[in-house]
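Structure record follows, encoded as structure tokens.
Number of protein chains: 2
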Amino acid sequence: MKNPLLIPELRELIAANDMAAIREFCAETHPETVAELLGGLEHPEIWRILHMLDTPLRAHIFSHFELDLQVELATGQNRRQMARLLEEMPADDRADLIRELDEKVRDELLPLVAKAEREDIRKLAQYEEETAGSVMSTDYAVLRPDMTVEQAIEQLRIQAPEKETIYYVYVVDENRRLIGFVSLKDIIVSKPGRRIRDLMHTDVIKANVNDDQESVAGKIEKYDLIAIPVTDDNDVIVGIVTHDDAIDIIRQEQTEDIEKLMAISGEHEITPYLKISVFRHFRNRSGWIVGLGIISMLAGLVIQRYEEVLLQFAVLATFLPMIADTGGNTGSQSATLVIRALALKEISLRDILRVLFKEMQVSAMMACVMGLLAYIRLIVFAESDAMPPGTTLAMLGLAVAVALALQVLTSTLIGALLPLIAVFFKLDPAIVASPALTTVVDITGLVIFFAVVSRFIMPA
Amino acid sequence: MKNPLLIPELRELIAANDMAAIREFCAETHPETVAELLGGLEHPEIWRILHMLDTPLRAHIFSHFELDLQVELATGQNRRQMARLLEEMPADDRADLIRELDEKVRDELLPLVAKAEREDIRKLAQYEEETAGSVMSTDYAVLRPDMTVEQAIEQLRIQAPEKETIYYVYVVDENRRLIGFVSLKDIIVSKPGRRIRDLMHTDVIKANVNDDQESVAGKIEKYDLIAIPVTDDNDVIVGIVTHDDAIDIIRQEQTEDIEKLMAISGEHEITPYLKISVFRHFRNRSGWIVGLGIISMLAGLVIQRYEEVLLQFAVLATFLPMIADTGGNTGSQSATLVIRALALKEISLRDILRVLFKEMQVSAMMACVMGLLAYIRLIVFAESDAMPPGTTLAMLGLAVAVALALQVLTSTLIGALLPLIAVFFKLDPAIVASPALTTVVDITGLVIFFAVVSRFIMPA
Chain A
1 MKNPLLIPEL
11 RELIAANDMA
21 AIREFCAETH
31 PETVAELLGG
41 LEHPEIWRIL
51 HMLDTPLRAH
61 IFSHFELDLQ
71 VELATGQNRR
81 QMARLLEEMP
91 ADDRADLIRE
101 LDEKVRDELL
111 PLVAKAERED
121 IRKLAQYEEE
131 TAGSVMSTDY
141 AVLRPDMTVE
151 QAIEQLRIQA
161 PEKETIYYVY
171 VVDENRRLIG
181 FVSLKDIIVS
191 KPGRRIRDLM
201 HTDVIKANVN
211 DDQESVAGKI
221 EKYDLIAIPV
231 TDDNDVIVGI
241 VTHDDAIDII
251 RQEQTEDIEK
261 LMAISGEHEI
271 TPYLKISVFR
281 HFRNRSGWIV
291 GLGIISMLAG
301 LVIQRYEEVL
311 LQFAVLATFL
321 PMIADTGGNT
331 GSQSATLVIR
341 ALALKEISLR
351 DILRVLFKEM
361 QVSAMMACVM
371 GLLAYIRLIV
381 FAESDAMPPG
391 TTLAMLGLAV
401 AVALALQVLT
411 STLIGALLPL
421 IAVFFKLDPA
431 IVASPALTTV
441 VDITGLVIFF
451 AVVSRFIMPA
Chain B
461 MKNPLLIPEL
471 RELIAANDMA
481 AIREFCAETH
491 PETVAELLGG
501 LEHPEIWRIL
511 HMLDTPLRAH
521 IFSHFELDLQ
531 VELATGQNRR
541 QMARLLEEMP
551 ADDRADLIRE
561 LDEKVRDELL
571 PLVAKAERED
581 IRKLAQYEEE
591 TAGSVMSTDY
601 AVLRPDMTVE
611 QAIEQLRIQA
621 PEKETIYYVY
631 VVDENRRLIG
641 FVSLKDIIVS
651 KPGRRIRDLM
661 HTDVIKANVN
671 DDQESVAGKI
681 EKYDLIAIPV
691 TDDNDVIVGI
701 VTHDDAIDII
711 RQEQTEDIEK
721 LMAISGEHEI
731 TPYLKISVFR
741 HFRNRSGWIV
751 GLGIISMLAG
761 LVIQRYEEVL
771 LQFAVLATFL
781 PMIADTGGNT
791 GSQSATLVIR
801 ALALKEISLR
811 DILRVLFKEM
821 QVSAMMACVM
831 GLLAYIRLIV
841 FAESDAMPPG
851 TTLAMLGLAV
861 AVALALQVLT
871 STLIGALLPL
881 IAVFFKLDPA
891 IVASPALTTV
901 VDITGLVIFF
911 AVVSRFIMPA
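Heads up: the protein sequence lines correspond to chains A and B, in order.
Numbering-wise (the working numbering), the first sequence opens with residue 1 and increments by one.
Numbering-wise (the working numbering), the second sequence opens with residue 461 and increments by one.
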């Protein structure tokens, strides 16, 4: 809370080299706040302060640094000291860090890590990215069903310092198979002599280790959980994912979704915007831009094909931006709404007809308004004496209005349909990126426009 | 977990009218699962089953229904019975429901609610929407500093059933001013005789009741909290916001952001897509479409102004879609990245020069590629014999390439700049909606295109 106030305070302590005070400050302030303050210092200074603290606190603060700072610090540090720190880090944060390290650094570090933690790292590393296994922690508390409440509290008291949470505790049989769940609240409100077996819930909400991380976060969100147990195919508990991991996953998926919508490729990475190199920005962004640029040349070919019409009715060219923009805008709107509704599970593929019917009604209303707008624009601002013989301004106005209305209708429906088609092919609906959609409806819009206009004004 | 399996099971119990079994089923299954199953039934049937349960469980399941179903059920129900249910609901869910009810229903209901809960509703209703006060719950646990650990556990045991969480407990002085915080873990691991005063943390991460809900969720996310206390201006604790509320807030803001990006107005409401009426869809979406449609007419005016050039070099018209699309795409990309980086606090307004410098480099690379592409397109596919005397295809190609490159540069910079300008004026950067941006760079693109081309090919 008082971070802005703390910065000078900490700097003073550092300047005065007041080790006792620094130690006290770091122990009493939230590790996230300490990490944020230290993050502003030079690396050697960060290490100097971290080394004043005992290893558990050091590891705790370290795991609150931004991941890219962790990587930099770990790479530059004495391997043996870094191994000690790794041993004390929370299992999931440690796995994240190891995953980001250079192979060389990793190969030097791992042999120095104690066997139990090395095993744990190896186990967590085997899970594919974005699965429950890759985000879970192995620091969870378990109880046996035949324990009494009193024994359970005693055991949790001992285990507490090393566990991510003791508020949700999992009950396992002799093979570590998950057979139930109790909350610390359940335990606290029960009589000391009761058996865990009698108060545990057997209908446990859980995730499989290979489940997609998004579905795991979804369950935590849906059932308001503090943590969810992760089991393997034999129902043996192998980890937990906690509420704060769920928020991180939701944020990450959100960034990915928005970037997909805007057609930015790349690994939707953790690196902050300013730290991504110019060349990587270029690589992530140029693919779509060039691809869509080439597709937009196709739109140009449509215009080329109708050059004659354009030369005869030059005023038509002034409607090209309106056709293209309106198509892109209406299509993006319906696509966005459908993608969101799919993501929130408000609709599924079998609602396709209801969605199309709704979009058809909405777009029909929109089409009338936009058609009218185009008609007025043409009638009021075009010069009627410039019209070729045999055609009237009213005729041309009607043609433009009908064309724009059809463009609104088709783009809206295309926008709603494409995400559903993506779902049918088991693709992420968000791949129907807004720029891609805009470019597609550009082409359909131009075809519609010229086809309608030619039919109206060149009846021969 | 087993929802699909449970549905027929529950239906059978209902068909058999086996009240004892239904009661047992509802008591043992997660209330979210029960709510989901009941949600598929007709309203009278939902009420019939709810009335088999005792009021606390009934209220618990009821508060897990989707908000719009809660409103429908509450509106159709006997007011006196509904008042009993309201009294038992979690304070924050109750406040959400009351807020959504018709004024008439609310006015009939509230006098029937017991005084303590009515006071609570009145208090929560006074906070502005989207503030900490409007999302917090008043069911939090507090302790006094002079209690011993043993006394604290005894008190938490008694309070537990009515509290949202007993895992985070707040320590208050005689005026309910927040003076510290202890977790149940701290309490459990301490000796029974220790005083709460000696183990509480005094550097409490907290929120003010008028804080924006997004900043509250941000603190929960940043500090990995299970709950955050909410205080008034006198530092008196008035509520808590819990981790599951934080996820809901993050989801809600995410929907708002994406809808803003796609220029969909309206209240970004809780109503699912299919339940929003066609007319409301139209109202939410038509404003931007019509507004942008009118702006795109301005782009048309630019074309009208350069009609002469177009008539002379008809091939130029085939580049109009590429100019518009590429501008929209590059601008949307940079805007999206800057908006996200601002939201994730990776950059702030004072980084404006660094952002612009980075975007200038990226767009310069992109501009070269796209310019080259346009040049090749023109040289390869245009017919050189159609050129007016005194001009060459190479000249035209160079003109088009330079124009497109400039369009890439300017749109990228406009896309990066507009969100930062919005921040400067204390506006939400996401108002730089992608459709709006697309339309703006259409106009600038056309001006650039015709200005450059005229200069190149009409040196006179």
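All residues carry an ideal CB built from backbone N, CA and C; glycine is no exception.
Classify residue i as buried or exposed, calling it buried when 16 or more other Cβ atoms lie within 10 Å of its own Cβ.
i	result
F313/A	buried
A920/B	Unreliable placement is indicated for A920/B, whose pLDDT of 48 sits below 50; the coordinate value is still reported in the next sentence. When all chains shown are included, A920/B counts as exposed.
T852/B	exposed
G180/A	buried
V452/A	buried
F425/A	exposed
Q586/B	exposed
P435/A	buried
C486/B	buried
F658/B	Checking the displayed sequence, the identity of residue 658/B turns out to be Asp instead of Phe. D658/B comes out exposed.
S462/A	Here chain A has residues from 1 to 460 only, and residue 462/A is not among them.
A574/B	exposed
N477/B	exposed
E32/A	buried
K2/A	Here K2/A scores only 40 on pLDDT, less than 50, and its place in the model should not be relied on; the value that follows carries that caveat. Result: exposed.
A801/B	buried
M19/A	exposed
T778/B	buried
Starting from the beta carbon of residue i, find every residue of chain B whose beta carbon is closer than 7 Å, and list them in chain order.
i	result
Q273/A	For clarity, residue 273/A is Tyr in the given sequence; the question names Gln instead. Under the 7 Å cutoff, chain B gives L797, A801, E806, I807.
G300/A	T778, F779, P781, M782
V278/A	K818, Q821, V822
M297/A	M782, R837
T29/A	D663
S454/A	Within 7 Å Cβ-Cβ: nothing; S454/A doesn't reach chain B, min ~16 Å.
L292/A	D785, N789
For a contact defined as C-beta to C-beta under 9 Å, what are the partners of residue i on chain B?
i	result
K191/A	Under the 9 Å cutoff, chain B gives no residues; its nearest Cβ is about 10 Å from K191/A.
T444/A	Here the premise fails: no neighbours, minimum Cβ distance about 12 Å.
F425/A	Simply none; closest approach about 21 Å.
Give me the chain A residues within the contact set of residue i, using Cβ-Cβ distance strictly less than 9 Å, ordered along the chain.
i	result
I710/B	I247, I250, R251, Q254
R814/B	L274
I718/B	Q254, D257, I258, L261, T336, I339, R340
E767/B	A314, V315, A317, T318
Bridge partners for residue i per DSSP, in chain order?
i	result
V690/B	A667/B, G699/B
D672/B	T591/B
Identify the contact partners of residue i in chain A, using a Cβ-Cβ distance below 8 Å as the criterion.
i	result
Y627/B	Y167, L184, K185, I226
M826/B	F282, R285, S286, I289
G788/B	G328, P435, T438
So with CB distances below 8 Å, who are the chain B contacts of residue i?
i	result
L311/A	L771, A774
M136/A	By Cβ distance, chain B contributes nothing, its closest Cβ being about 16 Å from M136/A, past 8 Å.
I303/A	A777, T778, L780, P781
Output, in chain order, the set of chain A residues within a Cβ distance shorter than 7 Å of residue i.
i	result
P879/B	The contacting residues do not exist; P879/B stays about 12 Å from chain A at best.
D704/B	D224
Q | Ranges of the alpha helix (DSSP H) found wholly within the stretch 232-295 of chain A, counting only runs of at least 4 | A | 243-261
(Q) Quick check on the DSSP output: what are the complete beta strand (DSSP E) runs of length 3 or more inside the stretch 590-664 of chain B, in order along the chain? (A) 600-603, 625-632, 638-643
Q.
So if I threshold CB-CB distances at 7 Å, which residues from the stretch 829-863 of chain B count as touching chain A?
A. V829, M830, L833, R837
Q: Could you list the residues in the stretch 629-658 of chain B with a C-beta less than 8 Å from some C-beta on chain A, going in chain order?
A: L644, K645, I648, V649
Q. Which residues, in order along the stretch 151-164 of chain A, keep a beta-carbon less than 8 Å from a beta-carbon of chain B?
A. I153, L156, R157, A160, P161
(Q) Give the list of continuous beta strand (DSSP E) stretches no shorter than 3 residues that lie fully inside the stretch 510-563 of chain B. (A) none
Q.
At 4 residues or longer, what runs of the alpha helix (DSSP H) sit wholly inside the stretch 14-51 of chain A?
A. 19-28, 31-38, 43-50
Q) Which residues, in order along the stretch 211-224 of chain A, keep a beta-carbon less than 9 Å from a beta-carbon of chain B? A) A217, K219, I220, E221, K222, Y223, D224
Q: Kindly provide the ranges of any alpha helix (DSSP H) runs that are 4 or more residues long and lie completely inside the stretch 318-348 of chain A, ordered along the chain.
A: 320-343
Q) Whole alpha helix (DSSP H) runs in the stretch 862-897 of chain B with 4 or more residues, listed along the chain? A) none
Q) At a Cβ cut of 7 Å, what residues of the stretch 25-56 of chain A count as close to chain B, listed as they run along the chain? A) E28, T29, H30, E32
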